[in-house]
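Asker: In the numbering used here, the protein residues as written are 445 to 702.
One structure coming up, written as structure tokens, with questions to follow.
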Amino acid sequence: MANLSFSMLVFVIASIYPAFSFCRTTSSLSTASEQLKYWHENVQNNMPGVLLSKLSPLNKDDSEFFTSLASKQSFSSNAKFCSLANLACYAEMNSIKPLGNGYGYNNNKASPGLENVDPFSFFRISILKQGNRVHLSNLEDQFPQRSFLPSQIASKISLDESNLEKVFPQSFVNPNTKGNIDTTLLYCNSAALKGEIKSCSTSLESMIEFSKTTLGSKRLVALTTKSTKGSGKELIIQKIKKLTFAICSPRLKSMQWM
445 MANLSFSMLV
455 FVIASIYPAF
465 SFCRTTSSLS
475 TASEQLKYWH
485 ENVQNNMPGV
495 LLSKLSPLNK
505 DDSEFFTSLA
515 SKQSFSSNAK
525 FCSLANLACY
535 AEMNSIKPLG
545 NGYGYNNNKA
555 SPGLENVDPF
565 SFFRISILKQ
575 GNRVHLSNLE
585 DQFPQRSFLP
595 SQIASKISLD
605 ESNLEKVFPQ
615 SFVNPNTKGN
625 IDTTLLYCNS
635 AALKGEIKSC
645 STSLESMIEF
655 SKTTLGSKRL
665 VALTTKSTKG
675 SGKELIIQKI
685 KKLTFAICSP
695 RLKSMQWM
């Protein structure tokens with residue numbers, strides 16, 4: 445992957461969707477406030493609106509209660525947990541589209557080539573020059589709105605199929621969501637590709653920690669695109685600025701160093 449680069453050079457946490465306002469009731473701000481505090485302790489600039497909208501709606505009491513449940517081997521499907529934590533578990537599942545196999549992965553195994561990849565997802569560095577034409581992928585968010593789990597809960601839910609099916613059984617009934625889970629677990633459980641450093645982060649905090657470790661920085665900077673205008677179209681490159689970056693895949697919740 446060393447000779448490939450993304451069209452949008454972003455680093456730390458890549459949010460490729462436009463920001464929108466964050467609004468929650470005061471009674472449910474406790475967990476969200478802790479997540480926001482953690483962000484400000486580790487990231488130099490303000491949190492992008494798209495991430496603000498995904499902070500956990502759980503209040504302190506609910507967070508502690510479900511953390512206690514998640515700590516037990518018997519933790520299983522809980523409709524209240526899904527609803528209060530704002531997870532994509534029920535009605536929204538029919539709107540979820542299946543994921544395609546990502547780069548280097550095919551037929552349930554990792555392979556060295558680029559298989560079944562959107563050809564516009566990557567650009568050679570030689571193409572990224574002022575005046576050249578590039579075709580952008582679809583940058584629009586196609587997934588239902590859901591929130592980050594508090595780190596103390598997420599860290600106790602192991603990323604294996606049997607455990608996830610026990611906690612989120614509804615997600616395994618719908619073919620699309622089951623297929624997406626299988627694809628995500630394939631990424632998470634496969635060895636890193638040559639030149640790749642990856643981690644399957646399950647919370648906002650773990651994404652930040654992965655970025656700090658990968659970039660070797662104690663204080664990060666988060667960049668986000670200002671608009672999805674031009675998404676899916678051919679554009680002319682006006683300006684190039686090279687940055688050191690890490691990427692968060694919004695579809696897979698995984699971080700990849702490119």
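The beta-carbon is built from N, C-alpha and C at its ideal position, and this holds for glycine as well.
Keep in mind it's a predicted model, so treat the numbers as computed, not measured.
Based on Cα-Cα distance, which residue from L531, R590, T658 and T669 lies nearest to G639?
Answerer: Taking only the C-alpha atoms, the option nearest G639 is T658.
Asker: Look up F616 in the DSSP assignment and say whether it is helix, strand or coil.
Answerer: Looking at F616 - three-state DSSP - the assignment turns out to be helix.
Asker: Near G676, which residues of its chain fall below 6 angstroms by C-beta distance, leaving aside the five closest residues on each side in sequence?
Answerer: Same-chain partners within the cutoff: N582.
Asker: Specify, as a first and last residue, the run of the beta strand (DSSP E) that I652 falls within.
Answerer: Segment L648 to L659 is the alpha helix (DSSP H) holding I652; no beta strand (DSSP E) there.
Asker: Over the uninterrupted alpha helix (DSSP H) stretch that includes L496, give me the two end residues.
Answerer: G493 to L496 is the span of the alpha helix (DSSP H), which, as asked, contains L496.
Asker: Counting beta carbon pairs with one atom in the stretch 630 to 647 and one in the stretch 660 to 679, are three or more of them shorter than 8 angstroms?
Answerer: As far as the Cβ criterion goes, the stretch 660 to 679 does not touch the stretch 630 to 647, which means the pair count is below three.
Asker: For V611, report the span of its alpha helix (DSSP H) as first-last.
Answerer: Taken as a continuous stretch (DSSP letters only), the alpha helix (DSSP H) holding V611 covers E605 to V611.
Asker: Are three or more beta carbon pairs between the stretch 606 to 615 and the stretch 504 to 521 nearer than 8 angstroms?
Answerer: Yes: the two stretches touch, three or more of their Cβ pairs being nearer than 8 angstroms.
Asker: How big is the Cα-Cα spacing for F612 and K524?
Answerer: F612 and K524: Cα-Cα distance of roughly 12 angstroms.
Asker: Which word fits I569, buried or exposed, when buried means at least 16 other C-beta atoms lie within 10 angstroms of its C-beta?
Answerer: Counting Cβ neighbours within 10 Å, I569 comes out exposed, since fewer than 16 surround it.
Asker: Please state the DSSP three-state secondary structure of E640.
Answerer: Reduced to three states, the DSSP call for E640 is coil.
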